[in-house]
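Single-structure report; data block below.
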Amino acid sequence: AQKVTQAQTEISVVEKEDVTLDCVYETRDTTYYLFWYKQPPSGELVFLIRRNSFDEQNEISGRYSWNFQKSTSSFNFTITASQVVDSAVYFCALSEAGGKLIFGQGTELSVKP
Amino acid sequence: NAGVTQTPKFQVLKTGQSMTLQCAQDMNHEYMSWYRQDPGMGLRLIHYSVGAGITDQGEVPNGYNVSRSTTEDFPLRLLSAAPSQTSVYFCASSYLRTGYNEQFFGPGTRLTVL
Chain H
6 AQKVTQAQTE ISVVEKEDVT LDCVYETRDT TYYLFWYKQP PSGELVFLIR RNSFDEQNEI
66 SGRYSWNFQK STSSFNFTIT ASQVVDSAVY FCALSEAGGK LIFGQGTELS VKP
Chain W
81 NAGVTQTPKF QVLKTGQSMT LQCAQDMNHE YMSWYRQDPG MGLRLIHYSV GAGITDQGEV
141 PNGYNVSRST TEDFPLRLLS AAPSQTSVYF CASSYLRTGY NEQFFGPGTR LTVL
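Residue numbers (the numbering used here), protein chains in the order written: chain H, 6 to 118; chain W, 81 to 194.
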């Protein structure tokens with residue numbers, strides 16, 4: 006069965022610190038997709054990144070980077086030089102073929118000035 | 081393109097009342113789904129649909145009904161609301177083509193059952 010675990014419930018950092026959000030997943034499929042979503046205090050869900058199971062290249066987008074390691078079933082998300090605007094709940098999610106998206110419990114990130 | 085729209089944004093019900101949460105998308109997505117979000121539990125899948133006339137249960141389907149008569153609409157029905165259904169509900173849609181299953185979410189409906 007699919008499962009996504011975000012062990013960090015809450016993280017608090019001071020602005021400009023780097024922070025890594027952990028995500029561990031379980032699946033029996035060889036083809037699957039991993040996602041990160043951001044939920045700011047306003048409540049909407051914002052898509053950040055999608056990765057398929059055949060592409061283990063790490064990705065960097067500005068201050069955001071993602072580390073995908075199939076060997077440890079992890080898809081971790083790092084924010085470099087965090088800013089107050091990064092304060093949000095971040096969700097990791099897993100999708101197998103067919104579209105069903107399974108979410109982790111979320112990590113609430115608080116960036117203090 | 082309006083994307084995924086949900087109505088209402090807020091709703092208060094009494095125990096035992098029924099209501100329908102509306103969800104519509106204008107992107108011609110085959111796949112639509114409903115999630116509920118509760119503190120500390122992430123988003124949990126209630127029901128989903130892979131096309132008009134086809135629906136299936138997710139992780140937490142009890143107390144909810146869905147139907148999909150058109151590609152665009154996917155309403156969620158609460159037949160007899162219970163306080164345990166107090167939650168924020170999100171509707172989402174996506175293509176089913178391999179590699180394109182980024183899900184687009186509506187703004188959410190905050191439901192309180194007294």
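Each residue gets a CB set at the ideal place from its N, CA and C atoms; glycine is no exception.
Any beta carbon from chain H within less than 7 Å of residue i's own beta carbon?
i        : result
W/Leu101 : no
W/Gly83  : no
W/Phe90  : no
W/Gln183 : yes
W/Gly122 : yes
W/Pro141 : no
Within 7 Å of any Cβ in chain W, is that where the Cβ of residue i sits?
i       : result
H/Phe73 : no
H/Arg55 : yes
H/Phe82 : no
With residue i as the anchor, note down where its beta strand (DSSP E) starts and where it stops.
i        : result
W/Gly131 : 123 to 131
H/Glu57  : Per the sequence presented here, residue 57 of chain H reads as Asn, with Glu not at that position. Run containing H/Asn57: 51 to 57, per the beta strand (DSSP E) assignment.
W/Ala104 : 99 to 105
H/Asn72  : 69 to 74
W/Arg157 : 156 to 158
W/Ala161 : Premise fails: W/Ala161 is in no beta strand (DSSP E) and is neither H nor E.
Can you tell which of the options has the C-alpha that lies nearest to the C-alpha of residue i?
i        : options                               : result
H/Lys75  : H/Val116, H/Glu31, H/Ala93            : H/Glu31
H/Ser70  : H/Leu26, H/Ala12, H/Ser115, H/Ser100  : H/Leu26
W/Tyr169 : W/Leu93, W/Gly188, W/Ser160, W/Phe154 : W/Gly188
W/Phe185 : W/Thr192, W/Lys94, W/Tyr115, W/Phe90  : W/Tyr115
H/Arg55  : H/Phe96, H/Thr10, H/Gln110, H/Gln88   : H/Phe96
H/Lys9   : H/Lys21, H/Thr35, H/Phe40, H/Glu20    : In the sequence as presented, Lys is not what sits at residue 9 of chain H; that position holds Val. Here the closest residue by C-alpha is H/Phe40.
Are residue i and residue j close, meaning C-beta to C-beta below 7 Å?
i        : j       : result
H/Asn57  : H/Tyr38 : yes
W/Ser173 : W/Gln86 : no
If you drop the 5 nearest sequence neighbours on each side, which residues of the same chain put their C-beta closer than 7 Å to that of residue i?
i       : result
H/Ser17 : Ser115, Lys117
Can you list, in chain order, the residues of its chain whose CB lies under 8 Å from that of residue i, leaving out five sequence neighbours each side?
i        : result
H/Ala12  : Asp27, Val29
W/Ala132 : Arg148, Ser149, Thr150, Thr151
W/Pro141 : Ile126, His127
For residue i, which residues of its own chain have a beta-carbon under 6 Å away from its beta-carbon, when the five flanking residues on both sides are left out?
i       : result
H/Thr85 : Asp23, Arg68
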